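Report on the structure given below.
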Amino acid sequence: MVSWFRRNKPEAVAQAPSDPAQQQPATPPSAAPLDAPAATTRDDGWNSRPAVESGDNAVPAAAPGKAGWRQRLSGSGIARSLGGLFRRNPALDDALLDEIETALITADVGVAATTALVDDLRARMRKREFADATAMFRALRGELVAILEPVSKPLLIDGSARPFVIVTVGVNGVGKTTTIGKLARKFRDEHRSLMLAAGDTFRAAAVAQLQAWGERNDVQVVAQGQNADAAAVAFDAYQAAQARGAEILIADTAGRLHTQGGLMEELAKIVRVLGKQSSAVPHEILMVIDGTTGQNAIAQVRAFSAKVPVSGLVVTKLDGTAKGGVVFALAREFGIPIRYAGIGERPEDLRVFDAETFVDALLPDSLQE
Ligand SMILES: Nc1nc2c(ncn2[C@@H]2O[C@H](COP(=O)(O)OP(=O)(O)OP(=O)(O)O)[C@@H](O)[C@H]2O)c(=O)[nH]1
Ligand SMILES: [Mg+2]
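Under our numbering, think of the first position of the sequence shown as 309, with each following residue one higher.
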C-alpha cells in the first residue's frame, strides 16, 4: 500500500469539488430527453489533438488512479472480517486457520480458492515457517496478491486500431453504462478522441442515460431510436468513428440474464457484425460484474464467455458492503484480466485494477510492505 502511494504520489489528491460532473447523479435525471434522434452527432471538438500519443502504439488506457481504495474498500465484507481477525491479536494455531477459512468463505472468495489458501498456510505452519500470527497474515497477504497478479493486466489501447473498439457486456444493473461514463471521463482526461454507441436499445431511458454521460464528458454518442437493432447501431457507430478518425469506440449493450438464450444470441450477433469490419474487432469485450453478486458471478462469466470472447473484466460496487472476495474466485477460475474496479458512482470512481493495491486496501496497514 505504502509503496503504491509512493509510486502515485502526485495523483493522491482528492478531486476538486468544483467539478460539475461530480455533482450530477450517475443516472441522469428523468427529465433527460427520452427519444434519441437517429445517428446523432455533435461536432464539439472531441476530435482535438490528443496530448497522450502512443509512440509504441500501446499505452495503458488509464493511469492507476487516485487515492481512496482503502477508504472505499474498508466497508467491504472481506476487509471487515480479515481486519477483525487481525485486531484480536490471535495465537498461531489451528483455530486461527479455521477463522481465516470462515472469513474468506464468508467474503465470497469461494470454497476452492479458500481451501487451497488455508491448506497451504496449514502446511507452512506445521513446518514452523511462521513465528507468530502476524507472520502467517503476511503469508496470507502474499498468497492473495499471487492469485491476483496474473490478472492484473491493464487495458492497452492499440493506437494503430482506429477505432479501438470496446464492447461492454453483463447482466442487468451491474454498472455497464456507468462504467462507460467513467471510461469516457478517463479517456477524455487523457485527450483521446472517442465515441460512444448506444447499443442498449431495449429502453429509451438507456439511450438517454448514455447520452447524458456523453454530454457530461463532451463525447459524441451514436444512437438510434428505441428497439433499433443493436448490432446495426454498433455497426453505424463503427463506421462513424472510423470516418472521424476516433481512437476509441465504446459500445453499450442491454443487460441480459446469462440464462436468456435469445438475448445471449443477440449479443453474439453484435460481436459478429462488428467482426465483419476486421477479425480484430471488437478489440476488447469488457464484461462488467457487480462485486456484490457473490459466487453467481462465476456462472455469469462462464455463460457470457461461452457466447462471446470476453477479454477483460470490470468489477463494480466494491465500495460499500461488497464482499469483494469474488475477485479472487474470478481470478482463479478464469484467469481473464481484471481491467478496472468500480469503487463508487461518481465519474472518477474507476481504478485500473492492481493486485497489490487491492489486497492492501483489504488488510490492516501493519501488514503492508
Ligand atoms: N456504489 C456503486 N454503484 C455503482 C457502481 N457502478 C455502478 N453503480 C450503480 O449501479 C446502478 C446501475 O448502473 P448502470 O450503469 O445503469 O448499470 P447497467 O449495467 O448499465 O444496467 P442495465 O443497462 O439496466 O443492464 C446505478 O445506480 C449506478 O450508479 C460502483 O462502482 N459503485
Ligand atoms: Mg445500461
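Glycine included, C-beta positions come from ideal geometry on N, C-alpha and C. Remember, predicted model here, so these are calculated numbers, not experimental data.
Worksheet item: DSSP state of A347, grouped into three classes?
Response: Confidence is the limiting factor: at A347 the pLDDT is only 33, short of 50, which leaves the residue's position unreliable, though a coordinate-based value still follows. Of the three classes helix, strand and coil, the one that applies to A347 here is coil, per DSSP.
Worksheet entry | Euclidean distance between Cα positions of D627 and G652 | 6 Å
Practice prompt. Please classify I386: does DSSP put it in a helix, a strand, or coil?
Written response: helix
Worksheet item: Within 10 angstroms of its Cβ, does P458 collect 16 or more other Cβ (buried), or is it exposed?
Response: exposed
Discussion item. Taking only three categories from DSSP, how would you classify G628?
Written reply: coil
Worksheet item: Given that a residue counts as buried once 16 or more other Cβ atoms are within 10 Å of its Cβ, and exposed if not, what is N535?
Response: exposed
Discussion item. Ligand 1 and A562: does the residue's C-beta get closer than 8 Å to at least one heavy atom of that ligand?
Written reply: Result yes, Cβ under 8 Å from ligand 1.
Practice prompt. Could you please give me the residues that DSSP links to A559 through a beta bridge?
Written response: V475, A505
Worksheet entry | Helix, strand or coil at S668 according to DSSP, with G and I counted as helix | According to the sequence displayed, residue 668 carries Asp and not Ser. Note: D668 maps to helix in three-state DSSP.
Practice prompt. Can you tell me which of K461, L448, A415, D401 puts its alpha carbon nearest to the alpha carbon of I646?
Written response: Of the candidates K461, L448, A415, D401, the one whose C-alpha sits nearest the C-alpha of I646 is K461.
Item to complete: Spell out the partners DSSP gives A538 in its beta bridges.
Response: In the DSSP output, where bridge partners are listed per residue, A538 has none listed.
Worksheet item: Counting only runs that start and end within the stretch 558–640, where is the beta strand (DSSP E) found for 3 or more residues in a row?
Response: Given a length threshold of 3 residues, each whole run of the beta strand (DSSP E) inside the stretch 558–640 is given here in chain order: 592–598, 620–624.
Worksheet item: So what does DSSP say about L400, is it helix, strand or coil?
Response: Assigned with DSSP and collapsed to three states, L400 falls in coil, not helix or strand.
Worksheet item: Leaving out the 5 sequence neighbours to the left and right, which residues in its chain are closer than 8 Å to Q632 when beta-carbon positions are compared?
Response: It should be noted that the sequence gives Gly, not Gln, for residue 632. Result list for G632: L381, S384, G385, I386, A387, A415, D416, G599, L626, L670, in chain order.
Worksheet entry | Where E573 falls, given that 16 or more other Cβ within 10 Å makes a residue buried | exposed
Practice prompt. Assign G489 to one of three DSSP states: helix, strand, or coil.
Written response: helix
Fill in: With 16 other Cβ atoms within 10 Å as the buried cut-off, status of V634
buried
Item to complete: Please state whether DSSP places F661 in a helix, a strand or coil.
Response: coil
Fill in: For L452: DSSP bridge partner residues
In the DSSP output, where bridge partners are listed per residue, L452 has none listed.
Practice prompt. Determine which residues share a DSSP beta bridge with G650 and list them.
Written response: L658
Worksheet item: For D657, does the count of other Cβ atoms within 10 angstroms reach 16, so buried, or fall short, so exposed?
Response: buried
Worksheet entry | Through-space distance from D537 to R659, alpha-carbon basis | 32 Å
Worksheet entry | Cα-Cα separation between A607 and A420, rounded to whole angstroms | 15 Å
Worksheet item: Rounded to the nearest angstrom, how far is the Cβ of V477 from that of L575, given a contact under 8 Å?
Response: 6 Å
Worksheet item: On the three-state DSSP scale, how would you describe V515?
Response: helix
Discussion item. At a threshold of 8 Å, does V596 count as lining ligand 1 (C-beta to nearest heavy atom)?
Written reply: yes
Worksheet entry | For R610, the nearest candidate out of T410, V479, I455, G450 (CA to CA) | Comparing Cα positions, the closest option is V479.
Worksheet item: With distances taken between CB atoms, is the gap from L504 to R496 smaller than 9 Å?
Response: no
Discussion item. Among S468, P471, D406, D526, whose alpha-carbon lies nearest the alpha-carbon of K687?
Written reply: Since the first and last residues shown for the chain are 309 and 677, residue 687 lies out of range.
Fill in: Rounded separation between I558 and Y648 - CA only
15 Å
Discussion item. Nearest by alpha-carbon distance to G489: which of Q517, F510, M433 is it?
Written reply: It is Q517 whose Cα lies nearest to the Cα of G489.
Worksheet item: Under 8 Å from any heavy atom of ligand 2, does the C-beta of Q519 make it?
Response: Every heavy atom of ligand 2 is 8 Å or more from the Cβ of Q519, so no.
Discussion item. Let me confirm a value: P617 is counted as buried when at least 16 other C-beta atoms fall within 10 Å, else exposed. Which label applies?
Written reply: exposed
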